[in-house]
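Student:
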Amino acid sequence: QQQVKQSPQSLIVQKGGISIINCAYENTAFDYFPWYQQFPGKGPALLIAIRPDVSEKKEGRFTISFNKSAKQFSLHIMDSQPGDSATYFCAASRMDSSYKLIFGSGTRLLVRP
Amino acid sequence: EAQVTQNPRYLITVTGKKLTVTCSQNMNHEYMSWYRQDPGLGLRQIYYSMNVEVTDKGDVPEGYKVSRKEKRNFPLILESPSPNQTSLYFCASSPGLAGANVLTFGAGSRLTVL
Chain X
1447 QQQVKQSPQS
1457 LIVQKGGISI
1467 INCAYENTAF
1477 DYFPWYQQFP
1487 GKGPALLIAI
1497 RPDVSEKKEG
1507 RFTISFNKSA
1517 KQFSLHIMDS
1527 QPGDSATYFC
1537 AASRMDSSYK
1547 LIFGSGTRLL
1557 VRP
Chain Y
246 EAQVTQNPRY
256 LITVTGKKLT
266 VTCSQNMNHE
276 YMSWYRQDPG
286 LGLRQIYYSM
296 NVEVTDKGDV
306 PEGYKVSRKE
316 KRNFPLILES
326 PSPNQTSLYF
336 CASSPGLAGA
346 NVLTFGAGSR
356 LTVL
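Chains as they are written, first to last, in the working numbering: chain X, 1447 to 1559; chain Y, 246 to 359.
1. Give me the subset of the stretch 1546 to 1558 of chain X whose CB atoms are less than 9 Å from a CB atom of chain Y, sorted by chain position.
2. Please classify residue 1477 of chain X: does DSSP put it in a helix, a strand, or coil?
3. Looking only at its own chain, which residues have a Cβ that is under 6 Å from the Cβ of residue 1458 of chain X, when we skip the five neighbours before and after it?
4. Kindly indicate if chain Y contains any beta-carbon less than 8 Å away from that of residue 1521 of chain X.
5. In whole angstroms, what separates the C-alpha of residue 328 of chain Y from that of residue 269 of chain Y?
6. Given this structure, state the Cα-to-Cα distance separating residue 265 of chain Y from residue 1535 of chain X, to the nearest angstrom.
7. Interface residues of chain Y around residue 1492 of chain X at Cβ under 8 Å?
8. Go to residue 1466 of chain X, then tell me how far its beta strand (DSSP E) extends in each direction, as first and last residue.
9. Note down, one range per segment and in chain order, each beta strand (DSSP E) of at least 3 residues found wholly within the stretch 1513 to 1550 of chain X.
10. Measure the Cβ-Cβ separation of residue 256 of chain Y and residue 354 of chain Y and say whether it is below 8 Å.
11. Going by beta carbon distance, what residues of the same chain come within less than 8 Å of residue 301 of chain Y, once the five residues before and after it are set aside?
12. For residue 339 of chain Y, would you say it is in contact with chain X, using Cβ-to-Cβ distances shorter than 8 Å as the test?
13. Considering only the beta carbon of each residue, do residue 315 of chain Y and residue 299 of chain Y sit closer than 8 Å?
14. Tell me which residues share the same chain as residue 1507 of chain X and place their Cβ nearer than 7 Å to its Cβ, disregarding the 5 neighbours each side in the sequence.
15. Which class does residue 1460 of chain X belong to by DSSP, given the choice of helix, strand or coil?
16. Which residues of the stretch 278 to 289 of chain Y have a Cβ closer than 9 Å to any Cβ of chain X? Give them in chain order.
17. Is residue 1473 of chain X near residue 1518 of chain X, with beta carbons less than 8 Å apart?
18. Per DSSP, which residues does residue 1452 of chain X bridge with? Please list them.
19. Assign residue 326 of chain Y to buried or exposed, taking buried as 16 or more other Cβ atoms, counted over all protein chains shown, within 10 Å of its Cβ.
20. On a CA-only basis, which of X:1491, X:1527, X:1509 is nearest residue 1462 of chain X? Give me that one, please.
21. Should residue 1515 of chain X go down as buried or exposed, given a rule of 16 or more other Cβ atoms within 10 Å for buried?
22. Per DSSP, what kind of secondary structure is residue 248 of chain Y in: helix, strand or coil?
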């Protein structure tokens, strides 16, 4: 079964710190890797996404790092804020079927003031 | 406002009592899907639909049915719910074309089966 493995399951970071969430995938045909952010009581929403032709993508305080040879990618949240407290899901798919995502198990992030 | 609307948001039912969770989107999206979210398991796909009258099984379809008679609606049917179907359910939609599709999720439906 195609899988995306995500770690850690939960993460506590002080305000201003760096949050790092890691994911690993198995299927080498995957070429689209989004991260979704979910606040309590809400559905997930796209945060940032990357394709494997680049090793890094940055949007504001959020950065995806991608290591194609290791089949791993990670989300870095710089200067973490209490408002970043949420559950984060990594996901993967093929670009020609990017609507059919395989999700990781999720990471619950708590940023303490 | 572009959105995916699910109803009900919360439901407590008993084993064996048929129920339907409705899902409607107003973005003219071709693709719609149902996921269930369970602690430690993330989001797992139940069923998806590429267009009207076109549906297919996801990773965990057992115990569920779907239909896509209209483009905007994609109801999830539990014919005989069991306690292991207690979960948080999400409907999602996307344009469905090749490329970097963004899934738009509903707010979720929390189902408890006693």
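No residue lacks a Cβ here, since even glycine has one placed at the ideal position from N, Cα and C. Nothing here was measured: the structure is a model prediction, and the numbers come from that model.
Tutor: By the coordinates alone:
1. 1546, 1547, 1548, 1549, 1550, 1551, 1552
2. coil
3. 1556
4. no
5. 26 Å
6. 27 Å
7. 347, 348
8. 1465 to 1471
9. 1518 to 1523, 1532 to 1538
10. yes
11. 292, 293, 294, 295
12. yes
13. no
14. 1523, 1524, 1525
15. strand
16. 278, 280, 282, 284, 285, 286, 287, 288, 289
17. no
18. X:1469
19. buried
20. X:1527
21. exposed
22. coil
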